[in-house]
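Here the structure comes first, spelled out in structure tokens, and everything after it is commentary.
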Amino acid sequence: MGTNDQERSLPHGLRLVALAGAAALTLTAGLATPLDPAPRQARAADDGKKVLTVAVAQSVDSLSPFLAVRLLSTSIHRLMYEYLTNYDPKDNHAIPGLATKWEPSPDKLTWTYTIRSNSAWSDGQQATAEDAAWTFNKMMTDTGAATANGSYVGNFRRVSAPSPTKLVIELKKPQATMAALDVPIVPKHVWEKVSDFSEFNNDKSFPVVGNGPFVLSGYKADSYVRLKANKSFWRGSPKFDELVFRYYKDQDAAVSALRKGEVSFVAGSPSLTPAQAESLEGADNIQVNDAPGRRFYALATNPGAKAKNGEKFGDGHPSLLDQRVRNALFRAVDREAIIDKVFRGHAVEGEGYIPPRFQDYFWKPSASQKLAYDPAEAARLLDRAGYKKNGDGKRVGKDGKPITYRVLCHATDPNDKAVGKYLQEWWGELGIGVRLNCLDNVTDPWLAGKYDLAFDGWSVNPDPDFVLSIHTCGALPATPEETGATDNFICDKKYDELYARQLTEYDPAKRADIVKQMESRLYDLGYMNVMAYPNAVEAFRTDQIKSITTMPAKAGNIYGQDGYWSWWSAVPADSGGSSDNASSTGVVVGIVAGVVVLAGLGAFAAMRRQATAEERE
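Residue numbers for the sequence shown follow our numbering, so the first one is 34 and each next one is one higher.
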């Protein structure tokens, strides 16, 4: 159920990710002309403050960093809270965050982090190692607090804070993601008052105490999220006074708002459609950014929802438990047609689980392994599986009834609906019916296992551990009534063994090889059909935003970064001064000084699941 950036349809939702690149780049835009003084510039508020407004097509699942999994929500948390480490905006390698350095013991079972002394919470109290220790210990001991990011601490034995600037994490076995713990560190003195982490959404009292570049100052469900610049942020204050994420259920309406200057930036759900992007090309004061994406777009099957205790639930179609049926369905999906007719070239044909943007982990099936488009072979597979056509040309199940699959789709994603119509055509020729179930909220039926197939998508981080973890048996919910971290209930012993091996492998090449074996296993199981790797297509007003940082520097995205670089670096169009890289990216580049080199380990960037059921997208 993917970041669900569109990042999955799972427990609470999921998220998205970033990739590797080269030198820092800034998108530069022109200023207003004398004939157009740009009254919409940077949306100056009544008090003269500069406001950057971002149109989004995804709603917030939770403002609690312990629960949130959707791309929008996790992106907001990156703005509110520091993580131990961050990702360099040029090439995504690990750099200091709340921690200024980190060192492993010779056996790699104990990691010591030096916590910076110049990071303060927005209420004036100092951020310390005790805050980090408390955050991790709460996730280790409270299942509610482990909902979103529990996989990061599953291998932790003990976490302590011997001093305000020293954090020590002891492991049960080596863990290759210790420089990529993608967990927001929260203030202990605020969160220790929370009684139920599974229910607390952090959305009732404002401003919310944080230590990131922005402070959450207001929120209205399915309407807006408002943040104000943190003037005391240790890296320097953002150049916009306020940042507003405004929700649009209709993506065309969001594009229209951009044209009118009512918003500064639009990302789509999570990207603009080809038609929307093309309509904006050449428009006055608007720049379109079209870069290789960090997410995949897939079709997931219900493998039979079950909990860790073995109890089954949901009502997935029993025919999908047969691998031959799953392979038949995927052989009847024309990926090239999807790229050409739905994405109109703004995507790459899907193959493995991790997008080609992450070259170290990118995998593709061999010619003999690939489930290539072949409707005739699809029909033969269904026949051999015992699902033959009746006199009316309809495939019938073991119960003698015609097969019609329910396909969950996101009501706000035009791509889901477009691909869904092709599925009705392609599978209809096989004698199988398709009923699209397009909902504003796909999470509830997904978590309940009440679907047959679903459009899925995740944003992948530089380190793939998280997005791989959501297919392990350990990610299943403890009971049918609880919420797990699973994407779509896959549980396979061989896959789990490979997952455990990659987590403890520090040699980059060897680890990458194991990850590719995991992708091959997922592909063969047939529960997940990756159809495309969509581009990140987004647009902004150049009369409101002078410059903004992409990630990675070469051909990177602006929205949904693994970091806060875009919104922190954004320069208002009427700010004066130079509009070259020195205005924003130069600042970003400067922070890389002092990056720690891990002895013999290299830098690890962790990957986050930015996909969810709602984003599944």
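All C-beta atoms in this analysis are idealised placements derived from N, C-alpha and C, irrespective of residue type, glycine included.
Looking only at DSSP bridge pairs, what is residue i linked to?
| i | result |
| --- | --- |
| residue 443 | 472 |
| residue 590 | 584 |
| residue 119 | 128 |
| residue 199 | 147, 196 |
| residue 561 | 333 |
| residue 339 | 345 |
| residue 427 | Its beta-bridge partners do not exist; DSSP assigns none. |
| residue 275 | 84, 261 |
Are the beta-carbon atoms of residue i and residue j separated by less than 9 Å?
| i | j | result |
| --- | --- | --- |
| residue 651 | residue 333 | Residue 651 is absent from the structure shown; the chain starts at 34 and stops at 650. |
| residue 255 | residue 280 | yes |
| residue 533 | residue 183 | no |
| residue 102 | residue 329 | no |
| residue 118 | residue 199 | no |
| residue 485 | residue 444 | no |
| residue 237 | residue 142 | no |
| residue 406 | residue 364 | yes |
| residue 178 | residue 99 | yes |
| residue 96 | residue 241 | yes |
| residue 338 | residue 90 | no |
| residue 566 | residue 383 | yes |
| residue 105 | residue 258 | yes |
| residue 271 | residue 325 | no |
| residue 229 | residue 116 | no |
| residue 274 | residue 261 | yes |
| residue 487 | residue 335 | yes |
| residue 558 | residue 520 | no |
| residue 212 | residue 135 | yes |
| residue 455 | residue 331 | no |
| residue 516 | residue 107 | no |
| residue 463 | residue 439 | no |
| residue 294 | residue 576 | yes |
| residue 304 | residue 288 | no |
| residue 85 | residue 276 | yes |
| residue 549 | residue 394 | yes |
Residue i CB to nearest chain B CB: under 9 Å?
| i | result |
| --- | --- |
| residue 487 | Of the chains in the structure shown, none is chain B; there is only one protein chain. |
Cα separation between residue i and residue j?
| i | j | result |
| --- | --- | --- |
| residue 92 | residue 175 | 26 Å |
| residue 358 | residue 352 | 7 Å |
| residue 471 | residue 437 | 16 Å |
| residue 545 | residue 490 | 22 Å |
| residue 386 | residue 528 | 13 Å |
| residue 590 | residue 422 | 47 Å |
| residue 431 | residue 420 | 8 Å |
| residue 263 | residue 247 | 5 Å |
| residue 74 | residue 139 | The pLDDT assigned to residue 74 is 43, lower than 50, so where the model puts this residue is not dependable; a value taken from the coordinates is nonetheless given after this. When rounded, the distance between both Cα atoms is 55 Å. |
| residue 190 | residue 172 | 12 Å |
| residue 286 | residue 296 | 11 Å |
| residue 547 | residue 292 | 47 Å |
Can you list, in chain order, the residues of its chain with a C-beta nearer than 7 Å to that of residue i? Leave out the 5 residues immediately preceding and following it.
| i | result |
| --- | --- |
| residue 619 | Low local confidence applies: a pLDDT of 30 at residue 619 is under 50, so the model's placement there is unreliable, with the coordinate-based value given in what follows. Correct list: empty, nothing qualifies. |
| residue 162 | 148, 194, 196, 197, 198, 199, 200 |
| residue 375 | 448, 451, 452 |
| residue 209 | 536, 537, 538, 539, 544, 637 |
| residue 130 | 115, 116, 117, 118, 119 |
| residue 170 | 192 |
| residue 412 | 463 |
Once the 5 residues before and after residue i are set aside, which same chain residues still bring their CB inside 6 Å of it?
| i | result |
| --- | --- |
| residue 137 | 144 |
| residue 113 | 243, 245, 249 |
| residue 310 | 321, 570 |
| residue 298 | 87, 573 |
| residue 381 | 566 |
| residue 227 | 233 |
| residue 133 | 147, 149 |
Suppose the cutoff is 8 Å on Cβ atoms and the five residues either side in sequence are ignored; what does the same chain contact list for residue i look like?
| i | result |
| --- | --- |
| residue 265 | 153, 155 |
| residue 596 | 51, 111, 119, 120, 122, 584 |
| residue 368 | 382, 383, 406, 564, 565 |
| residue 372 | 378, 380, 381, 382, 565 |
| residue 225 | 167 |
| residue 221 | 163, 164, 167, 168 |
| residue 54 | With a pLDDT of 33 at residue 54, under the threshold of 50, the modelled position of that residue is not reliable, and the figure given next carries that caveat. 123, 124, 125, 584, 585, 586, 587, 588, 589. |
Would you say the beta carbon of residue i is closer than 8 Å to some non-hydrogen atom of the ligand SAH?
| i | result |
| --- | --- |
| residue 446 | The ligand SAH is absent from the structure shown, which contains no ligands of any kind. |
(request) Count the C-beta pairs between the region 472-480 and the region 497-505 that are closer than 8 Å, then say yes if the count reaches three, no if not. (result) no
(request) Flag this pair as touching only if the region 409-424 and the region 448-458 have three or more C-beta atom pairs under 8 Å; answer yes or no. (result) no
(request) Would you check if there are 3 or more beta carbon pairs closer than 8 Å linking the region 546-564 to the region 396-408? (result) yes
(message) Does the structure place the region 491-499 close enough to the region 466-475 that three or more beta carbon pairs sit under 8 Å?
(response) no
(request) Give a yes or no on contact between the region 153-170 and the region 191-198, applying the rule of three or more CB pairs nearer than 8 Å. (result) yes
(request) Examine the Cβ distances between the region 117-133 and the region 224-238 and report whether three or more of them are shorter than 8 Å. (result) no
(message) Taking 8 Å as the cut-off, does the region 595-604 touch the region 578-585 (at least 3 CB pairs, one atom from each stretch)?
(response) yes
(message) With three or more beta-carbon pairs closer than 8 Å as the criterion, would you say the region 343-350 touches the region 584-602?
(response) no
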